[in-house]
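Residue numbers (our numbering): 14 to 78.
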Amino acid sequence: MGKILIVAGIILILVGLLIQVKFPFGKLPGDISYHRGNFHFYFPLTTSIILSILLTLLLMFFTRK
């Protein structure tokens, strides 16, 4: 159990670094941004879909029996 947690932690750190350096979230095509006067609305649709897919794959990998 300990080895699995260490490997999972290392993978999460590497994925986090990769996301910050190579894949800047929040500037993807498909993210909705609306400005009007003092009002600003931002909804990261594409970012949410990509994160959902990545988390689903990670959980499927670690919960496989």
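Ideal Cβ positions, reconstructed from N, Cα and C, are used throughout, including at glycine. Just so you know, these numbers come straight off a predicted model, no measurement behind them.
Just the C-alpha distance for PHE75 and LEU41, rounded to the nearest angstrom, thanks.
The residue labelled residue 75 in the question sits at position 62 within the sequence shown. The residue labelled residue 41 in the question sits at position 28 within the sequence shown. Rounded to the nearest angstrom, the two C-alpha atoms are 28 Å apart.
Give the straight-line distance between the Cα atoms of HIS53 and ARG77, rounded to the nearest whole angstrom.
Locating residue 53 in the sequence shown gives position 40, where the first residue counts as 1. Locating residue 77 in the sequence shown gives position 64, where the first residue counts as 1. If you take the alpha carbons of HIS53 and ARG77, they lie about 42 Å apart.
I need the straight-line Cα distance from THR69 to LEU27, nearest angstrom please.
The sequence position of residue 69 within the sequence shown is 56, counting from 1. The sequence position of residue 27 within the sequence shown is 14, counting from 1. Those two C-alpha atoms are separated by around 17 Å.
Suppose you measure from the CA of ARG49 to the CA of LEU72; what does that come to, to the nearest Å?
Here the question's residue 49 lines up with position 36 in the sequence shown. Here the question's residue 72 lines up with position 59 in the sequence shown. Each residue's alpha carbon lies about 40 Å from the other.
For the beta strand (DSSP E) holding ARG49, just list the boundary residues, first then last.
In the sequence shown, counting from the first residue as 1, residue 49 sits at position 36. 45-49 is the extent of the beta strand (DSSP E) around ARG49.
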